[in-house]
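In the working numbering, the protein residues as written are 1161 to 1298. Reviewing the structure listed below.
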Amino acid sequence: MKQFIALASLALLAGCNAPSSTESSDSATSTGPATQTASADTRPDSFAQCAACHTVAKGAPHGMGPNLWGIAGTKAGELAGYDFSPGLKASGLVWDETTLDKWLANPRALVPGTKMSFGGMSDPAKRKELVTWLMQQK
């Protein structure tokens, strides 16, 4: 059973950042759907790897990570009811497009000692769609 769970987990993780056959490395000139268009109502595919720890719903409880509803414009480490790392609380960061992009690229480089175990999202187009969507969730 443990082997099955491990294999299923690996299969799910393998698909998180895998480009489709229609994707181009240059999403600006691609004729295929490099990323889903972010709208306030449609969660982008790039959020799939975040959903294991985070919710994005008004009034929803925090999970392993904080609920990200309304995060746009807030000071890092100040959402009520979640125990953030001392480094994030002291960072002075405000969650805007630039800061969220840097955070999603490499959280531990931006805030050494953060509790967030996510290693980063290397694809700038996927980060942009995710940041755009998160900024609309308010």
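Backbone N, C-alpha and C define an ideal beta-carbon position, used for all residues, glycine too.
>> Just to check my reading of the structure: residue 1309 and residue 1297 have Cβ atoms closer than 8 angstroms, yes? What is that Cβ distance to the nearest angstrom?
In response: The requested residue 1309 is not part of the displayed model; the chain covers only 1161 to 1298.
>> Using DSSP's beta-bridge definition, name the partner residues of residue 1254.
In response: Residue pairing of residue 1254 in beta bridges, as defined by DSSP: 1235.
> What's the C-alpha gap between residue 1257 and residue 1266?
Replying inline: For residue 1257 and residue 1266, the distance between alpha carbons rounds to 14 angstroms.
> When the Cα of residue 1278 is compared with those of 1289, 1284 and 1264, which residue comes out closest?
Replying inline: Of all alpha-carbon atoms in 1289, 1284 and 1264, the one lying nearest the alpha-carbon of residue 1278 is that of 1264.
> Using a Cβ-Cβ cut-off of 6 angstroms (strictly less than) and excluding sequence neighbours within five positions of residue 1253, which residues of its own chain qualify?
Replying inline: Contacts found: 1236 and 1259.
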